[in-house]
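Trainee: Position in the first sequence (from 1) plus 79 gives the number in my numbering.
I have a structure here, written as structure tokens, and I will follow up with some questions on it.
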Amino acid sequence: MPIKRLTREFYGRATLIVARELLGQRLVRLYHGEQLAGRIVEVEAYIGQGDQACHASMGRTARNAVMFGPPGQAYVYFIYGMHYCLNIVTEAEGFPAAVLIRAVEPQAGLATMQALRPGRPLADLTRGPGRLCAALAIDLSCNGADLCAPDSALWVEEDAALPDSAIAAGPRIGVRGDMAALQAPWRYYLQDNPWVSGRRTVTDHTTDHR
DNA sequence: GGATCGATCGGCT
DNA sequence: GCCGATCGATCCG
Numbered sequence: 080m081p082i083k084r085l086t087r088e089f090y091g092r093a094t095l096i097v098a099r100e101l102l103g104q105r106l107v108r109l110y111h112g113e114q115l116a117g118r119i120v121e122v123e124a125y126i127g128q129g130d131q132a133c134h135a136s137m138g139r140t141a142r143n144a145v146m147f148g149p150p151g152q153a154y155v156y157f158i159y160g161m162h163y164c165l166n167i168v169t170e171a172e173g174f175p176a177a178v179l180i181r182a183v184e185p186q187a188g189l190a191t192m193q194a195l196r197p198g199r200p201l202a203d204l205t206r207g208p209g210r211l212c213a214a215l216a217i218d219l220s221c222n223g224a225d226l227c228a229p230d231s232a233l234w235v236e237e238d239a240a241l242p243d244s245a246i247a248a249g250p251r252i253g254v255r256g257d258m259a260a261l262q263a264p265w266r267y268y269l270q271d272n273p274w275v276s277g278r279r280t281v282t283d284h285t286t287d288h289r
């Protein structure tokens, strides 16, 4: 069975469905002829102008214009003066929404990814939206890239489907406020997966050496 | 282990 | 001018 790139029809659906179904799929970045790849383990949905945490909540601007475009494109933004974050545009053209890729589990191209983040622990290679962009060499040159085009250098491939029992949901990281949308559980992640971002807890075995 | 803070700069009020 | 969909260093207990 040939490997299948996720299609524009896949991305052009309700954002929460797309976010949920992106978990477990394989994000691939073609970098100097080499495939850098990781399994998506954590995502967040940003949904339209009614979502005050969505960059498009105040209307269309030069920065967020890609989110208003057709689904299946990369929306990459620069934040805190030093980091990039990767989103994939969802829903019908004209409705601004996207899924933020917050973490992946490295699958291929480990050595190159580590070279792109010199001196950093392997455990943090792709754990967090800024980190995974650095490891996959994703920056503003990827903004607007069409993940559905056969010749693009960034795409998502179909991988094994996951049971709902493997997935957890919660409020989005770094999003606070009293309005309902700001407290919505629109962050999805693989339960107990060591590559999911955020503070590790005592029950986390990832730092054990046993 | 957990809290706090500085870095660093584009976008928008 | 202010602040952010973050990260990593540092300080504290």
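C-beta: ideal position from N, C-alpha, C; glycine also.
Going by the beta-carbon positions, is the gap between residue 180 and residue 204 smaller than 9 Å?
Mentor: Result no, Cβ atoms of residue 180 and residue 204 do not sit closer than 9 Å.
Trainee: Use the C-beta contact count for residue 278: other C-beta atoms within 10 angstroms, 16 or more gives buried, fewer gives exposed.
Mentor: The residue is exposed, with fewer than 16 neighbouring Cβ atoms inside 10 Å.
Trainee: Would you give the residue range spanned by the beta strand (DSSP E) that residue 147 belongs to?
Mentor: Here residue 147 belongs to no beta strand (DSSP E), and DSSP marks it neither H nor E.
Trainee: Does residue 215 come out as helix, strand or coil in the three-state DSSP assignment?
Mentor: Looking at residue 215 - three-state DSSP - the assignment turns out to be coil, as it is neither helix nor strand.
Trainee: Excluding the five sequence neighbours on either side, which residues of its own chain have a C-beta within less than 8 Å of the C-beta of residue 269, listed in chain order?
Mentor: Around residue 269: 102, 103, 120, 121, 241, 245, 246, 247 and 275.
Trainee: Counting only runs that start and end within the segment 170-217, where is the alpha helix (DSSP H) found for 4 or more residues in a row?
Mentor: Here the runs fully enclosed are 189-195 and 208-214.
Trainee: So the beta strand (DSSP E) residue 124 belongs to, where does it begin and stop?
Mentor: Start and end: 113-126.
Trainee: Throw me the rounded Cβ distance for the residue 161 and residue 154 pair, which I believe falls under 8 Å.
Mentor: Actually they are not in contact, since the Cβ atoms of residue 161 and residue 154 sit about 19 Å apart, beyond 8 Å.
Trainee: Among residues of its own chain, excluding the 5 on either side of residue 106, which ones have a beta-carbon nearer than 7 Å to its beta-carbon?
Mentor: So the list reads 116, 117, 119, 180, 183 and 235, once near-sequence residues are dropped.
Trainee: So does the segment 93-101 actually touch the segment 165-175, counting three or more Cβ pairs closer than 8 Å?
Mentor: The segment 93-101 vs the segment 165-175: in contact.
Trainee: Do residue 249 and residue 264 have their beta-carbon atoms positioned less than 9 Å apart in this structure?
Mentor: The answer is yes: Cβ separation under 9 Å.
Trainee: In its own chain, which residues sit with a C-beta less than 6 Å from the C-beta of residue 238, not counting the 5 before and 5 after it?
Mentor: Same-chain partners within the cutoff: 103, 104 and 105.
Trainee: Could you compute how far the alpha carbon of residue 113 sits from the alpha carbon of residue 256?
Mentor: Their Cα atoms are separated by approximately 42 Å.
Trainee: By how many angstroms is the C-alpha of residue 187 removed from the C-alpha of residue 287?
Mentor: Reliability fails at residue 287, whose pLDDT of 42 lies under 50, so the model's placement of it is uncertain and the value that follows must be treated cautiously. One C-alpha to the other measures close to 24 Å.
Trainee: Which residues in the same chain as residue 225 place their Cβ atom closer than 7 Å to its Cβ, once the five residues preceding and following it in sequence are excluded?
Mentor: Cβ within range, chain order: 151, 152 and 231.
Trainee: In this structure, how does DSSP classify residue 131 when only helix, strand and coil are distinguished?
Mentor: Coil, per DSSP.
Trainee: Which residue wins for smallest C-alpha separation from residue 111, given the options 85, 141 and 217?
Mentor: When only C-alpha atoms are compared, the closest one is 217.
Trainee: How long is the line joining the alpha carbons of residue 219 and residue 197, rounded to whole angstroms?
Mentor: In a straight line, the C-alpha of residue 219 is about 21 Å away from that of residue 197.
Trainee: If you run the structure through DSSP and keep just helix, strand and coil, what is residue 236?
Mentor: Residue state, collapsed to three classes: strand.
Trainee: For residue 94, which option in 127, 148 and 84 has the closest C-alpha, if you only look at C-alpha atoms?
Mentor: It is 127.
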